[in-house]
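Asks: One structure coming up, written as structure tokens, with questions to follow.
Number of protein chains: 2
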Amino acid sequence: MSVIVSDIRKGAYYDSAFLMKLQRSLTELQGVEDAGVVMGTEENKEILKHIELVDKQVLDANPDDLVIVVRAATGNEAEEALGQVDELLVKRSTEMDKNYRPKSLDTASKMLPGASWTLVSVAGRFAANVARESLKLGKHVFLFSDNVSVEDEISLKKEAAEKGLLVMGPDCGTAMINGIGLGFANKIRKGPIGVIAAAGTGLQQVTTRIHQLGSGITHGIGTGGRDLKEAVGAMTFLMGLDALARDPETKVIVMVSKPPAPSVAEKVIKKARLINKPVVVNFIARKPTARQDGNLWFATGMDDAAALAVELAKNPPEVKPAVDLKLERFAEGQKYFRGLFSGGTLAYEAQFLLEEYVGRVWANAPINKENKLKDSLKSEEHSIVDLGEDEFTVGRLHPMMDNEMRIRRLLEEGKDPEVAVIMLDVVIGYGSHPDPASELAPAIAKAKAEAEKAGRFLEVVVVATGTDLDPQNLDNQIDQLRKVGAWVSSSNEEVVRYAGRILMGLDKKVDSEFTFTPVNLETLKNELQALNIGLDSFAENLEDQEIQVVQVDFKPPAGGNEKMASILERMKKN
Amino acid sequence: MSVIVSDIRKGAYYDSAFLMKLQRSLTELQGVEDAGVVMGTEENKEILKHIELVDKQVLDANPDDLVIVVRAATGNEAEEALGQVDELLVKRSTEMDKNYRPKSLDTASKMLPGASWTLVSVAGRFAANVARESLKLGKHVFLFSDNVSVEDEISLKKEAAEKGLLVMGPDCGTAMINGIGLGFANKIRKGPIGVIAAAGTGLQQVTTRIHQLGSGITHGIGTGGRDLKEAVGAMTFLMGLDALARDPETKVIVMVSKPPAPSVAEKVIKKARLINKPVVVNFIARKPTARQDGNLWFATGMDDAAALAVELAKNPPEVKPAVDLKLERFAEGQKYFRGLFSGGTLAYEAQFLLEEYVGRVWANAPINKENKLKDSLKSEEHSIVDLGEDEFTVGRLHPMMDNEMRIRRLLEEGKDPEVAVIMLDVVIGYGSHPDPASELAPAIAKAKAEAEKAGRFLEVVVVATGTDLDPQNLDNQIDQLRKVGAWVSSSNEEVVRYAGRILMGLDKKVDSEFTFTPVNLETLKNELQALNIGLDSFAENLEDQEIQVVQVDFKPPAGGNEKMASILERMKKN
């Protein structure tokens with residue numbers, strides 16, 4: 006039978022590296038089977054329970070308490086182990102006294118005035134205040150600590166944005182600035198690829214793969230895994246992306262993220278489209294709808310992202326400037342898309358692609374049920390109607406044979422003052438109408454003329470499906486449609502993306518734009534110097550990389566007693 | 006003021022091409038503003054209402070009734086138009102009498118014994134019976150008709166599977182067999198690419214793009230848009246895929262579908278993996294998790310699918326035979342995956358990839374909330390735990406620095422007799438443990454040895470993230486892990502896919518396998534001859550392609566009166 010004994014020390018604070026060492030020392034003692042040394046949080050008590058290392062005293066501990074628990078073969082051996090704790094603690098404080106360490110960031114900053122960076126890895130509940138102090142001193146913050154509230158994250162990032170500073174984190178595992186690794190970081194060759202990542206090991210995995218493929222990086226900027234969530238809105242990501250876009254040594258940018266909020270992902274991608282460099286996108290679980298679109302390349306995973314980036318850096322593609330969409334032709338209030346299809350698959354693919362640009366698309370045959378049009382005869386907002394669906398073809402010819410229903414609907418949609426773009430498909434070949442353009446082109450001309458008379462511009466776009474060998478001849482059909490001003494392509498994707506770009510351009514929703522002071526590129530390129538507060542090992546790593554660093558000796562305010570600390574904080578403010 | 010008058014003809018049946026012609030003739034008459042000639046279904050009455058072409062009599066019409074409605078400037082003109090209907094109907098029946106047409110499929114089949122195909126485009130409610138008759142005569146069915154019930158579809162496809170016949174449809178718009186278009190079909194160059202599509206215009210769009218890119222096709226097999234829905238289970242798709250796999254002229258296969266049921270999509274992809282040819286997959290709205298995996302290439306859209314197929318046909322890749330997974334090493338009942346990660350992004354990507362192989366994966370940090378582990382300390386079925394999540398790191402070192410929690414968990418998971426594969430990540434670099442493999446390798450050895458003692462085989466797979474320049478050196482870490490029998494790669498994706506293939510192989514769920522008689526390839530390659538029942542234009546199209554066709558004169562049983570027809574049907578059976 007084993008015996009479990011414990012010792013609870015009220016309100017004692019030690020960093021987690023020390024707790025690990027203490028636990029290991031205890032485990033190695035004579036007769037000790039297992040030992041735990043942790044702060045008394047609910048999660049930690051659950052874990053201790055799971056590995057059968059609890060007694061009543063442990064279960065009653067508070068989050069501020071240091072819990073020391075030992076399971077040993079005999080009661081004597083267990084008590085003996087606990088008895089050694091004090092000795093181990095004293096050894097620790099002697100070690101700490103070996104070198105002089107400043108007690109505050111302020112003092113540390115004076116000791117190393119060239120430091121542009123602070124690495125923060127103190128316990129989560131103290132981290133936001135430390136980071137705030139660092140921003141006040143004008144330093145970028147690498148915020149490794151987790152268990153920081155999202156409210157603190159937002160307020161820190163807002164303050165940083167005003168000052169042109171980066172807050173990487175909280176819970177930022179990794180950054181590589183100008184060849185120097187912060188936190189968990191690999192030694193990566195210098196090279197032409199800049200990486201921005203809301204993903205700690207994502208940044209490590211992609212950059213190590215880039216290295217393995219023989220290339221290298223300028224900077225690897227981490228943002229913390231929550232940066233692309235709705236609440237944070239990609240503040241650090243957008244600032245980092247902007248820095249990489251301006252950095253002349255970065256030729257290709259890779260964006261990596263843990264599963265992002267879809268709307269934030271779209272916001273970031275929208276910004277990335279404006280960059281005059283190839284950008285590789287790898288957002289986990291975001292379905293790519295294209296391999297390439299303009300300057301963007303969509304990767305299927307981290308391996309693929311690394312391989313694409315290396316290839317693009319080796320053989321730089323020509324990044325074409327955006328086409329002028331002549332948005333000034335449209336009238337105020339024109340903003341919606343109406344797709345009138347005869348082909349179901351074309352309609353489905355159009356929905357799938359268009360959602361990337363405009364969000365929700367209503368349809369009579371929707372990909373997701375919640376986007377079903379209430380009434381197939383009445384469009385709402387952005388809508389796609391497949392007129393070849395069963396509901397329209399009972400005792401009636403398919404719309405590829407009979408254009409009547411589509412022509413009626415085209416003229417009807419054209420009258421809607423909120424409609425900007427109408428899309429049709431013209432599918433030729435055996436079985437189809439012998440000359441669909443001969444009926445559709447006059448209707449398109451009429452719809453466009455009516456809109457013009459009403460002071461609007463109606464863009465009618467057409468995907469034409471067929472070949473030069475078809476009885477109707479594809480070029481002949483395309484010619485007839487172009488003559489009346491339709492925008493025509495034989496690629497469904499090209500047509501939808503063209504429409505999507507127009508609709509994105511016309512979207513006047515006040516896009517509570519995130520504004521920020523740009524990061525000073527010199528602070529990324531100058532020889533790195535840093536303050537470190539929290540894990541000693543992070544300072545040691547910097548020293549191994551021959552970087553000047555000052556370690557700050559962190560003691561929580563009021564010895565870790567949170568009530569007391571908040572009183573102190575309030576007193577400071579007054 | 007316009008006047009609306011209508012004429013309802015009880016239980017009269019005409020095909021939809023004729024109804025369109027009659028409607029157009031009426032519209033062209035003096036004073037007529039608009040006219041509608043349709044069967045009196047609810048949908049059609051809705052459409053007439055929408056375009057303001059109804060009176061009380063029209064609203065009361067039944068689905069079996071022919072509705073003729075005219076809006077004209079004056080009552081006289083409207084009545085005059087209606088008065089012409091009989092004359093137009095007589096003209097029609099005279100036209101019909103010009104050529105002798107068999108009244109039944111049976112007779113038609115005797116007139117053209119070489120016909121392997123029947124094209125069916127009669128009104129939906131009669132189509133299933135016609136198709137059934139055709140199967141009885143041993144012919145493939147191209148079933149253009151829509152509004153056919155899914156129950157009928159299933160029973161037709163089951164019967165066809167027994168006979169080695171294809172039922173393309175219902176609602177199959179397109180097929181191209183050996184260069185001949187059935188239904189809506191384009192004239193496509195002959196070439197090395199075979200296409201199978203649960204997508205009518207999808208088949209047209211992809212094949213026209215292939216043609217435009219200078220290549221061509223062997224066959225384009227349509228299945229109807231519902232074939233990849235749960236209820237139908239891809240019966241025609243799997244038979245068609247099998248035919249293309251066996252066809253020596255088909256060098257590359259393209260699979261296209263409207264949004265499929267996810268489980269059916271996976272079933273089809275699983276079959277496609279076994280084919281010794283490159284297969285391009287383009288299932289709309291199914292997110293590709295890789296660009297390439299074995300013999301499969303995943304396209305982002307129809308353009309991309311066509312381009313990939315043409316490229317693969319031009320430069321045939323070497324399709325490697327599947328690696329032997331030595332599944333016999335595992336004991337009965339071993340079937341689950343347990344991922345124990347220190348890196349969050351690696352854990353997310355693993356979830357995302359693994360779901361493709363095994364379906365649901367539980368996680369403490371899941372991509373979709375519904376997959377959240379109830380208790381992070383207890384795995385269920387397939388599970389992925391990120392031990393770097395906040396819940397594990399309060400006052401405790403990150404698992405990249407401290408391996409203790411992971412080692413405990415590894416040994417615990419290894420004891421579970423249902424576990425087949427355990428995955429770890431080993432992330433090195435600055436900040437990480439100075440030699441993680443030195444602690445993890447002995448634990449892996451222990452877990453494997455314990456499993457062996459219990460009569461099981463435990464596969465431990467590891468993704469190792471790092472570089473040759475890292476303090477721990479990547480190769481050194483990999484060597485230590487391999488020495489104890491771990492399966493290691495620096496690609497997260499490669500590790501997960503290897504595990505996924507093992508788990509798929511071990512999945513013993515009785516896979517109510519769909520069995521069928523293979524389609525006789527000769528029936529696809531011999532000179533095509535066909536019977537056509539329904540739209541005259543489909544027969545005309547075949548004649549234009551110099552194909553022998555017999556048009557069957559379809560009259561619905563009991564003149565379209567469904568009650569009477571069902572009595573007749575029952576009498577026949579007795």
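Those sequence lines, one after another, are chains L and R.
The numbering used here puts the first sequence at residues 6 to 579.
The numbering used here puts the second sequence at residues 6 to 579.
Using N, Cα and C, we set each Cβ at its ideal position, and we do this for glycine too.
These numbers come from a predicted model, not from an experiment.
Have a look at the DSSP bridge pairing and note the partners of ASP430/L.
Replies: The residue given as residue 430/L occupies position 425 in the first sequence. Paired residue(s): VAL468/L.
Asks: Using the beta-carbon of each residue, which ones in chain L are nearer than 7 Å to LEU402/R?
Replies: Along the second sequence, one-based indexing puts residue 402/R at 397. Within chain L, the residues near LEU402/R are SER21, ALA22 and MET25.
Asks: Considering only residues of the same chain and omitting the five flanking positions on each side of GLU396/R, which have a CB-CB separation below 8 Å?
Replies: Numbered from 1 along the second sequence, position 391 holds the residue referred to as residue 396/R. Result list for GLU396/R: ASN369 and SER381, in chain order.
Asks: Anything in the segment 54-66 of chain L with a Cβ closer than 8 Å to a Cβ of chain R? List those residues in chain order, please.
Replies: HIS55 and ILE56
Asks: Going straight from the alpha carbon of LYS115/L to that of VAL135/L, what length do you get?
Replies: Translated into the one-based positions of the first sequence, residue 115/L becomes position 110. Translated into the one-based positions of the first sequence, residue 135/L becomes position 130. Distance between the alpha carbons of LYS115/L and VAL135/L is about 16 Å.
Asks: Select from the segment 196-228 of chain R all residues with a C-beta closer than 7 Å to any C-beta belonging to chain L, and list them in chain order.
Replies: ALA204, GLY205, THR206, GLY207, GLN209, GLN210, THR213, HIS216 and GLN217
Asks: Counting pairs of beta carbons, one from the segment 409-429 of chain L and one from the segment 498-512 of chain L, are three or more of them closer than 8 Å?
Replies: Yes, the segment 409-429 of chain L touches the segment 498-512 of chain L.
Asks: Between the segment 218-237 of chain R and the segment 307-324 of chain R, do three or more beta carbon pairs fall short of 8 Å?
Replies: yes
Asks: Could you tell me the distance, in whole angstroms, from the CA atom of ASN579/L to the CA atom of LYS141/L?
Replies: Indexing the first sequence from 1 puts residue 579/L at position 574. Indexing the first sequence from 1 puts residue 141/L at position 136. Note on ASN579/L: pLDDT 45, under 50, position unreliable in the model; the coordinate value appears next. Using only the alpha carbons, I get a separation of about 18 Å.
Asks: I'd like the list of long-range same chain contacts for GLN356/L, defined as Cβ closer than 6 Å, with 5 residues on each side in sequence excluded.
Replies: Here residue 356/L refers to the residue found at position 351 of the first sequence. These residues qualify, in order along the chain: VAL366, ALA368, ILE372 and ILE389.
Asks: Contact criterion: CB-CB distance below 9 Å. Does SER384/L meet it with respect to chain R?
Replies: Counted from its first residue, the first sequence places residue 384/L at position 379. No, because no Cβ of chain R sits closer than 9 Å to the Cβ of SER384/L.
Asks: Does any residue of chain R bring its CB to less than 9 Å from the CB of TYR435/L?
Replies: Locating residue 435/L in the first sequence gives position 430, counting from the first residue. So, interface residue.
Asks: Helix, strand or coil, according to DSSP, for ASP391/R in the structure here?
Replies: Indexing the second sequence from 1 puts residue 391/R at position 386. Strand, per DSSP.
Asks: What first and last residue would you give for the alpha helix (DSSP H) that runs through LYS362/R?
Replies: Taking the second sequence and counting its residues from 1, one reaches residue 362/R at position 357. Strictly speaking, residue 362/R in this sequence is Tyr, with Lys absent from that position. Where TYR362/R is concerned, the enclosing alpha helix (DSSP H) stretches over 349-363.
Asks: With a threshold of 9 Å between beta carbons, is SER388/L in contact with chain R?
Replies: Reading the first sequence from its first residue, position 383 is the one you call residue 388/L. Output row for SER388/L: interface = no.
Asks: What is the rounded straight-line gap between the Cα of PRO359/L and the Cα of LEU124/L?
Replies: Position 354 of the first sequence, counted from the start, is the residue given in the question as residue 359/L. Position 119 of the first sequence, counted from the start, is the residue given in the question as residue 124/L. A small correction: the amino acid at residue 359/L is Leu; Pro does not occupy that position in the sequence shown. The straight-line gap from Cα to Cα measures roughly 43 Å.
Asks: Taking only three categories from DSSP, how would you classify PHE189/L?
Replies: Walking along the first sequence from the start, residue 189/L turns up at place 184. Residue state, collapsed to three classes: coil.
Asks: Under 9 Å Cβ-Cβ, which residues of chain R neighbour LEU94/L?
Replies: If you number the first sequence from 1, residue 94/L lands on position 89. When 9 Å is used as the limit between beta carbons, LEU94/L is near no residue of chain R, the shortest such separation being about 16 Å.
Asks: Taking only the alpha-carbon atoms, compute the straight-line gap between VAL515/R and LYS275/R and give it to the nearest angstrom.
Replies: Position 510 of the second sequence, counted from the start, is the residue given in the question as residue 515/R. Position 270 of the second sequence, counted from the start, is the residue given in the question as residue 275/R. Its pLDDT being 45, under 50, VAL515/R is placed unreliably in this model, and the coordinates cannot settle the point.
Asks: Of the residues that make up the segment 330-358 of chain R, which ones have a beta carbon closer than 9 Å to any beta carbon in chain L?
Replies: Going along the segment 330-358 of chain R in chain order, one finds PHE346, SER347, GLY348, GLY349, THR350, LEU351, ALA352, TYR353, GLU354, GLN356, PHE357 and LEU358 with a Cβ nearer than 9 Å to chain L.
Asks: Classify ALA236/R as buried or exposed, calling it buried when 16 or more other Cβ atoms lie within 10 Å of its own Cβ.
Replies: Along the second sequence, read from residue 1 onward, the residue named residue 236/R stands at position 231. With fewer than 16 Cβ atoms within 10 Å of its Cβ, ALA236/R is classed as exposed.
Asks: Just the C-alpha distance for GLU375/L and ALA290/R, rounded to the nearest angstrom, thanks.
Replies: Here residue 375/L refers to the residue found at position 370 of the first sequence. Here residue 290/R refers to the residue found at position 285 of the second sequence. Rounded to the nearest angstrom, the two C-alpha atoms are 15 Å apart.
Asks: Determine, using beta carbons only, whether MET307/R comes closer than 9 Å to chain L.
Replies: Here residue 307/R refers to the residue found at position 302 when the second sequence is read from its first residue. At least one chain L Cβ lies under 9 Å of MET307/R.
Asks: With a CB to CB cut of under 8 Å and the five nearest residues on each side skipped, what residues in its chain are close to PRO523/L?
Replies: Locating residue 523/L in the first sequence gives position 518, counting from the first residue. Correct list, in chain order: GLY169, MET244, ASP247, ALA248 and ARG251.
Asks: Is the beta carbon of GLY349/L sitting closer than 9 Å to the one on LYS256/R?
Replies: By one-based count along the first sequence, residue 349/L stands at place 344. By one-based count along the second sequence, residue 256/R stands at place 251. Result no, Cβ atoms of GLY349/L and LYS256/R do not sit closer than 9 Å.
Asks: For GLU396/R, return the contacting residues in chain L, with the cut-off set at a CB-CB distance below 7 Å.
Replies: As a working mapping, residue 396/R is identified with position 391 in the second sequence. In chain order: GLU48.
Asks: Could you list which residues in chain L have their beta carbon closer than 9 Å to that of THR472/R, in chain order?
Replies: Here residue 472/R is taken as the residue at index 467 of the second sequence, counted from 1. What THR472/R touches in chain L: ASN191, LYS192, ILE193, ARG194, THR212, THR213, HIS216 and GLN217.
Asks: Assuming ALA128/R contacts SER150/R under a Cβ cut-off of 8 Å, what Cβ separation, rounded to an integer in Å, is found between them?
Replies: Along the second sequence, one-based indexing puts residue 128/R at 123. Along the second sequence, one-based indexing puts residue 150/R at 145. Sure, about 7 Å apart at Cβ, within 8 Å.
Asks: Provide the residue(s) that pair with GLN477/R in DSSP beta bridges, ordered along the chain.
Replies: Here residue 477/R refers to the residue found at position 472 when the second sequence is read from its first residue. Looking at the DSSP assignment, GLN477/R forms no beta bridge with any residue, so it has no partner.
Asks: Is there a Cβ of chain L sitting closer than 9 Å to that of LEU243/R, yes or no?
Replies: Taking the second sequence and counting its residues from 1, the one referred to as residue 243/R is at position 238. Answer no: the Cβ-Cβ gap between LEU243/R and chain L never drops below 9 Å.
Asks: Please name the residue or residues paired with GLN5/L in a DSSP beta bridge.
Replies: There is no way to answer for residue 5/L, as the model of chain L reaches only from 6 to 579.
Asks: Excluding the 5 residues preceding and the 5 following ASN152/R in the sequence, name in chain order all residues of the same chain whose CB lies nearer than 6 Å to its CB.
Replies: Taking the second sequence and counting its residues from 1, one reaches residue 152/R at position 147. Hits under 6 Å: GLY129.
Asks: Would a C-beta distance cut-off of 9 Å place GLY199/R and GLY225/R closer than the cut-off?
Replies: As a working mapping, residue 199/R is identified with position 194 in the second sequence. As a working mapping, residue 225/R is identified with position 220 in the second sequence. A contact, by the Cβ cut-off of 9 Å.
Asks: Check the Cβ of LYS263/L against every Cβ in chain R and list those closer than 7 Å, keeping chain order.
Replies: As a position in the first sequence, residue 263/L is number 258, starting the count at 1. The contacting residues are GLY349, THR350 and TYR353.
Asks: Taking CB distances under 9 Å as the criterion, tell me whether SER30/L reaches chain R.
Replies: Position 25 of the first sequence, counted from the first residue, corresponds to residue 30/L. Chain R contact via Cβ: absent.
Asks: Taking the alpha-carbon positions, what's the ILE258/L to LYS282/L distance?
Replies: Here residue 258/L refers to the residue found at position 253 when the first sequence is read from its first residue. Here residue 282/L refers to the residue found at position 277 when the first sequence is read from its first residue. Taking the straight line from one Cα to the other gives about 7 Å.
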